[in-house]
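Numbering (our numbering), first residue to last: 144 to 298.
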């Protein structure tokens with residue numbers, strides 16, 4: 144009888160320890176999800192900054208339209224290259240964060256983010272955000288290149 148009581152007590156203690164570990168994993172998972180959301184917000188802010196910079200360069204190009212415009216076009220191209228580098232870095236950062244989230248989900252026994260991503264990958268109409276994000280800096284860069292060529296050819 145004492146042995147069963149001791150085993151039962153040890154079993155409850157082990158259950159409580161496991162529940163504590165699960166709560167710790169859940170808390171870590173929540174923190175990681177919040178951090179991933181923070182990265183997405185920083186990414187949006189960064190994209191807004193680069194759009195604003197490019198619009199300012201385009202406004203200056205359209206206002207000046209002389210030899211100095213060549214330098215503005217080069218500056219615009221540099222801005223676009225830096226923008227693309229940032230997009231790639233944010234993609235890598237998000238991929239790493241979600242790999243950690245997926246691993247934590249496996250430990251928790253539920254995988255909502257992984258399941259969502261698996262469903263989206265099977266959908267033919269879904270385009271990754273990074274692919275869509277790259278369109279704008281490439282479009283701005285092409286615009287700068289066209290203006291650059293026009294300026295060189297007309298001078």
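Here a beta-carbon is modelled for each residue, glycine too, at the ideal position from N, C-alpha and C.
Bear in mind the structure is a predicted one, so any value in this text is a computation, not a measurement.
- Between residue 240 and residue 168 the beta-carbon gap is near 16 Å, outside 8 Å, which marks them as no contact.
- In the three-state scheme derived from DSSP, where H, G and I count as helix and E and B as strand, residue 254 is classed as coil.
- A distance below 8 Å between beta-carbons, with the five flanking residues on each side excluded, links residue 284 to the following residues of its chain, in chain order: 219, 220, 223 and 224.
- Below 8 Å, enough C-beta pairs join the region 263 to 277 and the region 226 to 236 to call them touching: three or more.
- Counted as a single uninterrupted DSSP element, the stretch harbouring residue 267 is not any alpha helix (DSSP H), since DSSP gives it neither H nor E.
- Rounded to the nearest whole angstrom, the C-alpha separation of residue 204 and residue 190 is 21 Å.
- Shortest Cα-Cα distance from residue 292 to any of 245, 186 and 215 involves 215.
- For residue 165, the closest of 290, 259 and 252 by C-alpha to C-alpha distance is 252.
- One Cα belongs to residue 269, the other to residue 207, and the distance between them is close to 41 Å.
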